[in-house]
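**Student:**
In the working numbering, the protein residues as written are 727 to 983.
1. Rounded to a whole number of angstroms, what is the C-alpha to C-alpha distance between residue 976 and residue 845?
2. Out of 876, 774, 888 and 949, which has the shortest C-alpha to C-alpha gap to residue 902?
3. From 776, 886, 856 and 847, pick the residue whose C-alpha is nearest to that of residue 868; which is it?
4. Thinking C-beta only, is residue 790 closer than 8 Å to residue 856?
5. Using DSSP's beta-bridge definition, name the partner residues of residue 750.
6. DSSP state of residue 729, grouped into three classes?
7. Near residue 908, which residues of its chain fall below 6 Å by C-beta distance, leaving aside the five closest residues on each side in sequence?
8. Provide the residue(s) that pair with residue 887 in DSSP beta bridges, ordered along the chain.
9. Quick one: Cα of residue 797 to Cα of residue 931, how far?
10. Would you mind sorting residue 762 into buried or exposed? The rule is 16 or more other CB atoms within 10 Å of its CB.
11. List the endpoints of the continuous alpha helix (DSSP H) containing residue 868.
12. May I have the straight-line CA-CA distance separating residue 892 from residue 955, to the nearest angstrom?
13. Taking all protein chains shown into account, do 16 or more other C-beta atoms lie within 10 angstroms of the C-beta of residue 841, making it buried, or fewer, making it exposed?
14. Judging by CA-CA distance, which residue of 884, 830 and 800 is the nearest neighbour of residue 769?
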């Protein structure tokens, strides 16, 4: 078992202490939709045009000056740590949040990593998301509006939607397959938007999380949305793909060189 405070240093982008913005990449998932690759490897190390998903997202964060990154691990955790060590974090300083005992999902994983965060603003991204979203604009919006979280969203088709009011404030959630709907705050109109697996959070959100163990960040957002502001940032029109299944790799390779 690894320790939560395992750090992997880089030769470039020397770390000078506290940074205004930190990153977290969710890489702990089992990747059950990505079999047979995930029978022997973590999805984070699946390759798109010669680069792993993990490397691509580390480099994506670097484009916006984010070189202090937390990566959570569970499924084939040692392979991820080895890749990070061999490549010296691809130029970033990586802290490992160890979930080898139990995968904690997005909410639990974020809460467990809390001691590793030193910045007030944290960019969180799922490792299987590739996009050319202008992250700088999202961070600027977040720092201007000062919500607990800013959620990257698009108007694409899906089965599960976050629901927003006319001011892009989170109000609820809907599953169109099951008909389930959860409303956190009332609005005259609910605008359904698909979550992109990217969010910019304020560190103070972590202290407000009441769930323990394994849980989804969706549950946290719906609980907090009643009394706190959570905003959506619509980036419809950006290149975006969820590399969730093996057949999506070919599509990703057409979008991202």
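For glycine and all other residues, C-beta sits at the position ideal for the given N, C-alpha and C.
**Tutor:** By the coordinates alone:
1. 36 Å
2. 888
3. 847
4. no
5. 796 and 850
6. The predicted position of residue 729 is uncertain, since its pLDDT is 43 and thus under 50; a value taken from the coordinates is nonetheless stated next. DSSP places residue 729 in coil when its eight states are reduced to three.
7. 898, 899 and 948
8. 900
9. 19 Å
10. exposed
11. 861-871
12. 14 Å
13. exposed
14. 800
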